[in-house]
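The sequence shown begins at 884 in the numbering used here and counts up by one.
Here the structure comes first, spelled out in structure tokens, and everything after it is commentary.
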Amino acid sequence: MELIIQILMLFILINCILKLSFWKPWQAAIFGFICAVFILWTCQYAILQSKTQLADYLKNSYIMQDAAVLITIESAICFAFCFAALREMFGKKTKRWIQPLYWYPSLLIFPVLFYLLTQIIFAMPGTDFTLISYLLAGGVLIGLPALSYLVKYLYPERELRLEVYFLVSLFVCIIGLITTVNGNVTYAAVEEPINIKALALSFILFAVAFLLGMVWNKVKWTFRQKKESKNQLK
């Protein structure tokens, strides 16, 4: 389970780098500076951790369920950004409250950096903790904007990077939900016969909603065409 969580953290880091590739280099550098300051600030807390304590955190079902909520919310924000960016590419206007999604890099990157700092401290016993934190902070300060620029240089097509960003976000969401279950089942399965009436009602509701949506879309498109034709005549 710990290995899967580490893979999840790796993809969270990749997702953050992909999002920074949509920013300008100086904007990515500012975020890298913020991450570096975070590492230096949390060094005093990272040295107090132990391997068994971190392992207990990762095995705690309540903590992992809370993490699943945060992962789902961040994935939803990533999906919303992808759809908003697609609307802009097709020349459609986006609402003002959607535009701040462009400036949301990733908040999950901070616990990932904290975990990375603790693992480096465990792997280098006898080394000065302050030196380790400064080296990691320097690597993050340079690495995040450099990697984001490298991704943008190798894949200059915004559409391709947006597609990869969406797929990585989807993978993060799925593997986050899988790893946080931790083998616990909240509600036990109950055997009961198939409810034909409920299935039929569900199908009817789906069909009615589908037809109403199709008719509404047709009427809306017709009204728009008439409005455009009137504007052309004027």
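Backbone N, C-alpha and C define an ideal beta-carbon position, used for all residues, glycine too.
How is D1011 classed by DSSP in three states: helix, strand or coil?
Position 128 of the sequence shown, counted from the first residue, corresponds to residue 1011. Coil at D1011, not helix or strand.
Within a Cβ cutoff of 8 Å, which residues of the same chain sit near T1069, ignoring the five residues on either side of it in sequence?
Your numbering for residue 1069 matches position 186 in the sequence shown. Summary for T1069: the model assigns pLDDT 44, below 50, so the residue's position carries little reliability; its value from the coordinates is reported in the next sentence. Excluding residues within five positions, none has a Cβ falling inside 8 Å.
Pairwise C-alpha distance: K1101 and I1025:
Sequence index remark: in the sequence shown, residue 1025 carries index 142 (1-based). Sequence index remark: in the sequence shown, residue 1101 carries index 218 (1-based). If I take the Cα positions, the gap works out to 52 Å.
Provide the residue span of the alpha helix (DSSP H) that contains S989, from first to last.
Sequence index remark: in the sequence shown, residue 989 carries index 106 (1-based). Looking at the DSSP string, S989 is not in any alpha helix (DSSP H), and its letter there is neither H nor E.
Is the beta carbon of V1047 sitting closer than 7 Å to the one on A919?
For the purposes of this step, residue 1047 is identified with residue 164 of the sequence shown, where counting begins at 1. For the purposes of this step, residue 919 is identified with residue 36 of the sequence shown, where counting begins at 1. The answer is no: Cβ separation not under 7 Å.
Taking DSSP as the reference, what is the three-state secondary structure of F973?
Position 90 of the sequence shown, counted from the start, is the residue given in the question as residue 973. Note: F973 maps to coil in three-state DSSP.
Classification of C899 by the beta-carbon crowding that lies within 10 angstroms, buried from 16 upward:
For the purposes of this step, residue 899 is identified with residue 16 of the sequence shown, where counting begins at 1. Looking at its Cβ environment, which holds 16 or more other Cβ atoms inside 10 Å, C899 is buried.
Inter-residue spacing [alpha-carbon to alpha-carbon] between L1094 and A1083
Within the sequence shown, the letter at position 211 stands for residue 1094. Within the sequence shown, the letter at position 200 stands for residue 1083. The straight-line gap from Cα to Cα measures roughly 16 Å.
Selection from M1097, F993, L984 and Y998 that minimises the alpha carbon distance to K934:
Residue mapping note: residue 934 aligns to position 51 of the sequence shown, counting from 1. Ranking M1097, F993, L984 and Y998 by Cα distance to K934 puts Y998 first.
Beta-carbon proximity list for A1071, same chain, < 6 Å, skipping 5 on both sides:
Counted from its first residue, the sequence shown places residue 1071 at position 188. Low confidence applies here, because A1071 scores a pLDDT of 49, under 50, leaving its location unreliable; read the following figure in that light. Once the five neighbours on either side are set aside, A1071 has no close Cβ partner at all.
Here's a check: name, in chain order, each residue in its chain whose Cβ is nearer than 8 Å to the Cβ of L1060, leaving out the five neighbours to either side.
Along the sequence shown, one-based indexing puts residue 1060 at 177. A951, I954 and T955.
Do R1044 and S904 have their CB atoms nearer than 7 Å?
Translated into the one-based positions of the sequence shown, residue 1044 becomes position 161. Translated into the one-based positions of the sequence shown, residue 904 becomes position 21. Yes, Cβ-Cβ distance for R1044 and S904 is below 7 Å.
Just tell me which of L996, A959, M1007 and K1035 has its CA closest to the CA of P908.
Within the sequence shown, numbered from 1, the residue matching residue 908 stands at position 25. Closest option to P908, Cα to Cα, is K1035.
Identify, in the order they occur along the chain, each residue of the same chain with its Cβ nearer than 6 Å to the Cβ of N1056, setting aside the five sequence neighbours on each side.
Stepping through the sequence shown from its first residue, residue 1056 is reached at position 173. In the sequence as presented, Asn is not what sits at residue 1056; that position holds Cys. Excluding residues within five positions, the ones whose Cβ falls inside 6 Å are S958.
Just checking, does the stretch 985-1005 make contact with the stretch 925-940 on the three C-beta pairs under 8 Å criterion?
With a cut-off of 8 Å on Cβ pairs, the stretch 985-1005 is in contact with the stretch 925-940, counting three or more such pairs.
Mapping the DSSP letters down to three states, classify S1085 as helix, strand or coil.
As a position in the sequence shown, residue 1085 is number 202, starting the count at 1. For S1085, the three-state secondary structure derived from DSSP is helix.
Using the three-state DSSP reduction, which class does P1076 fall into: helix, strand or coil?
The count along the sequence shown starts at 1 and reaches residue 1076 at position 193. Three-state result, P1076: coil.
From what residue to what residue does the alpha helix (DSSP H) around I930 run?
As a working note, residue 930 is residue 47 in the sequence shown. Taken as a continuous stretch (DSSP letters only), I930 belongs to no alpha helix (DSSP H), as it is neither H nor E.
Look at the alpha carbon of L1053 and the alpha carbon of M972, and state the distance between them as a whole number of angstroms.
Here residue 1053 is taken as the residue at index 170 of the sequence shown, counted from 1. Here residue 972 is taken as the residue at index 89 of the sequence shown, counted from 1. When the Cα atoms are used, L1053 and M972 turn out to be separated by approximately 21 Å.
Closest Cα partner of F1049 within the set L969, F914, W924 and Q889:
Counting from 1 along the sequence shown, the entry for residue 1049 is found at position 166. Minimum Cα distance to F1049 is reached at L969.
Tell me which same chain residues have a C-beta within less than 8 Å of the C-beta of G1066, skipping the five on either side of it?
In the sequence shown, the residue the question calls residue 1066 occupies position 183. In this prediction, G1066 has a pLDDT of 49, which is less than 50 and means its spatial position is unreliable; nothing more can be read from the coordinates.
Determine the DSSP secondary structure at V1102, reduced to helix, strand or coil.
Within the sequence shown, the letter at position 219 stands for residue 1102. If DSSP states are grouped into helix, strand and coil, V1102 belongs with the helices.
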